[in-house]
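Under the numbering used here, residue 643 is the last one in the sequence shown; the count climbs by one each step, no gaps. All residues carry an ideal CB built from backbone N, CA and C; glycine is no exception.
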Amino acid sequence: MMTSIDGSGGITGAFTRLLAGLGTAAIDEEAATVARQCLLDWIGVSLAGRHEPLVDILVETAREEGGDGHLPLPGRPETLPLTQAVTVIGAMSHALDYDDVHLAMQGHPSVAVIPAAWALALAEGRDGAALIRSIVGGFEIACRTGLLMGPSHYARGWHATGTVGTFGAMAASALLLGLDEDRMAHGFGIAGTQAAGLKAVFGTMSKPLHAGRAAANGLTAARLAARGFTSHTDILGAAQGFGDTQSDGLDPAAALAPAPGFMIRDTLFKYHAACYLTHSAIEAVHSLGRIDPEAVRRVTVRVDPGHLRVCNIPAPATGLEMKFSLRMTAALALAGEDTAREALFADATAARPDLVRLRDAVTVEPRAAPSSTLSEIEVELADGATRRAAFDVGVPAADLDRQWQRLSAKFLGLARPVLGEARSREVLSRVRELDARTDLGTLAGLLAAA
């Protein structure tokens with residue numbers, strides 16, 4: 194997909210034309226398949242995060258404000274009004290930091306885009322095919338907005354899931370509502386003036402809140418635009434607009450460059466329940482084979498300098514902080530712990546003496562490399578031997594069947610404790626076959642609290 198910046202509306206006009214084209218563009222089977230995979234993964238991490246304390250607080254607050262409604266929350270008994278439900282569902286799905294990643298967006302697309310698309314599709318009585326199109330479109334706009342903003346946006350301290358994700362949620366909602374180009378342009382403006390999220394809050398409940406607010410604000414932007422609410426129609430390119438205030442230099446050429454397919458195809462999925470930037474180091478440790486933790490004398494992890502501002506908590510005291518600690522996640526891998534198991538990331542684990550000893554043996558060093566997601570590890574052992582490995586998890590899967598297998602196993606591991614074996618497998622089957630014949634209300638019913 195591509196468009197041109199030539200014509201009316203500046204940069205946002207080009208994005209608006211791109212989004213309008215997505216309303217009728219043919220969605221290739223690879224893109225549709227990955228959209229289904231994103232939906233399945235999102236459902237799984239939402240169910241697993243349903244009773245996190247931050248979710249309980251958000252639900253309690255919504256209900257205190259008169260938040261009784263008709264939108265169900267996955268795995269919970271409550272129903273909430275549309276926008277409140279989207280906020281909760283978005284935060285719920287990002288609560289464990291176990292959701293997907295896209296390097297073009299520099300963030301987590303599903304937790305911003307899918308809560309808005311899912312809830313609105315349910316509310317509007319849309320089918321599975323419409324949901325797939327809205328997800329593909331939302332990802333396309335989120336990722337191309339990330340490319341537009343460039344690396345300086347994230348480096349400044351903005352959390353792209355909260356900022357860029359707002360535009361993705363608006364785009365998905367606009368497609369479901371059938372907005373014309375003029376109202377889409379205003380939707381971009383309404384989304385841009387609400388987009389927010391600061392990296393300083395990583396490791397706290399406020400990081401998942403970014404996802405919830407991005408989804409809800411994007412949905413609100415599209416719904417307001419549908420009713421004639423106005424905003425600046427070039428919010429991405431205007432002076433004192435989103436791009437001008439949140440990037441050191443916009444890159445329209447990168448954002449609007451032709452691509453062989455849809456952006457969603459390059460989505461990266463998590464198979465460890467921690468920040469994605471820790472995954473290459475974990476995999477590098479695994480590639481070394483079995484190492485006796487007691488024999489480890491010193492460990493050096495070399496990563497892109499940007500990692501030091503995201504996941505370098507040196508001595509995490511909580512399970513949540515562990516997810517953002519290269520030292521602790523490397524220690525977990527060296528100890529042979531199953532980092533795919535969400536329950537491992539607990540306050541008690543952070544204080545375990547054997548893990549603290551390994552953690553304190555780890556030094557994190559910045560290094561320049563061709564890939565920002567490549568990690569190198571060097572382990573010095575008590576007998577003087579040194580083991581070295583490198584790994585890069587930033588390469589999208591070529592084999593989508595294999596990706597289905599891995600995501601299905603992950604989903605069942607997350608869903609079984611909530612839905613049981615039979616319902617979990619029924620959800621898996623329905624999502625894999627999602628199309629125009631799929632009744633989303635039936636699927637939502639399968640996700641209800643037991």
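Can you grab the Cα-Cα spacing for the pair residue i / residue j, in whole Å?
i	j	result
Thr522	Thr338	31 Å
Thr566	Lys392	18 Å
Gly529	Thr471	16 Å
Glu619	Asp292	21 Å
Leu627	Gly321	5 Å
Gly512	Arg458	32 Å
Asp540	Leu636	35 Å
Ala554	Ala543	15 Å
Gln433	Phe422	20 Å
Pro509	Glu487	21 Å
Ile334	Gly361	5 Å
Ala228	Arg625	10 Å
Phe381	Ile570	43 Å
Val557	Val588	23 Å
Pro610	His465	18 Å
Ala431	Arg243	40 Å
Ser197	Lys603	Its pLDDT being 45, under 50, Ser197 is placed unreliably in this model, and the value from its coordinates should be taken loosely. About 40 Å.
Asp485	Val572	11 Å
Met195	Ala224	Its pLDDT being 45, under 50, Met195 is placed unreliably by the model, and the measurement read from it follows with that caveat. About 16 Å.
Arg416	Leu633	21 Å
Ser622	Ala643	19 Å
Gly419	Ala388	Looking at the sequence provided, one finds Ala at residue 419 rather than Gly. Whole-angstrom Cα-Cα distance: 19 Å.
Ala578	Leu412	56 Å
Ala409	Asp437	24 Å
Met456	Leu449	12 Å
Pro563	Met298	19 Å
Which two residues bound the contiguous beta strand (DSSP E) that contains residue i?
i	result
Arg495	Val489 to Val496
Pro559	Val555 to Pro559
Val572	Leu567 to Leu574
Ala207	No beta strand (DSSP E) contains Ala207, which is instead part of the alpha helix (DSSP H) from Gly203 to Leu215.
Phe584	Thr579 to Asp585
Which same chain residues end up closer than 7 Å to residue i when comparing Cβ atoms and leaving out the 5 residues on each side of it in sequence?
i	result
Ala526	Ile475, Val478, His479 and Thr532
Leu369	Ala310, Leu313, Ala314, Glu317, Arg319, Ala323 and Ser327
Leu600	Gln230, Leu233, Asp234 and Phe462
Ala575	Ala488 and Arg490
Glu535	Ala241, Leu289, Tyr291 and Ala466
Asp444	Leu340, Leu341 and Gly343
Leu607	Gly237, Val238, Leu240 and Ala241
Ile220	Ile325, Arg326 and Val329
Quick check on the DSSP output: the alpha helix (DSSP H) that includes residue i runs from which residue to which?
i	result
Val238	Glu222 to Ala241
Ser327	Gly321 to Met342
Arg625	Leu593 to Arg625
Arg483	Element bounds for Arg483: n/a, residue is neither H nor E.
Arg520	Leu519 to Leu527
Leu443	From DSSP, Leu443 is part of no alpha helix (DSSP H); its letter is neither H nor E.
Ser424	That residue, Ser424, is in no alpha helix (DSSP H); it is neither H nor E in DSSP.
Val279	Leu275 to His287
Ile250	Pro246 to Glu257
Gly300	Counting along the chain, Gly300 falls outside any alpha helix (DSSP H), and DSSP gives it neither H nor E.
Phe632	For the sequence presented, residue 632 should be read as Asp rather than Phe. Unbroken run through Asp632: none, as it is neither H nor E.
Gly512	Gly512 to Met515
Asp540	Asp540 to Ala543
Below 6 Å CB to CB, which residues in the same chain sit around residue i once its five sequence neighbours on both sides are set aside?
i	result
Val496	Ser568
His295	Pro302, Cys336 and Thr460
Phe517	Phe395, Gly396, Cys468, Cys504 and Ile506
Glu514	Gly396 and Ile506
Gly390	His352, Gly355, Thr356 and His403
His346	Gln439 and Ser440
Met377	Thr209, Leu212 and Ala367
Val304	Gly283, Ser286, His287, Asp292 and Ala404
Gly385	Ile428 and Phe435
Please check if any C-beta of chain C sits within less than 8 Å of the C-beta of residue i.
i	result
Gln598	Protein chain content of the structure displayed is limited to a single chain, and chain C is not contained in it.
For residue i, which residues in the same chain have their Cβ closer than 8 Å to its Cβ, ignoring the five residues on either side in sequence?
i	result
Thr272	Asp261, Gly262, His263, Leu264, Pro265, Leu266 and Ala278
Ala447	Leu340, Leu341 and Gly343
Pro559	Arg495, Val496, Asp497, Pro498, His500 and Leu501
Gly613	Ala643
For the ligand ATP, is there a heavy atom less than 7 Å away from the beta-carbon of residue i?
i	result
Arg625	The ligand ATP is not among the ligands present in this structure, which contains no ligands whatsoever.
Contact between the region 301-313 and the region 423-439 (3+ Cβ pairs under 8 Å): no
The region 241-260 / the region 200-209 touching (three or more Cβ pairs under 8 Å): no
Segment contact, 8 Å Cβ cut-off, at least three pairs: the region 576-586 with the region 548-555: As far as the Cβ criterion goes, the region 576-586 does not touch the region 548-555, which means the pair count is below three.
Stretch-stretch touch, CB-based, cutoff 8 Å, three pairs: the region 352-361 with the region 396-414: yes
Stretch-stretch touch, CB-based, cutoff 8 Å, three pairs: the region 241-253 with the region 278-289: yes
Ordered list of alpha helix (DSSP H) runs contained in the region 351-419, each at least 4 residues: Segments of the alpha helix (DSSP H) lying fully in the region 351-419: 357-370, 374-387 and 399-419.
Stretch pair the region 211-219 + the region 366-380: three plus CB contacts closer than 8 Å: Between the region 211-219 and the region 366-380 there are three or more C-beta pairs closer than 8 Å, enough to call the two in contact.
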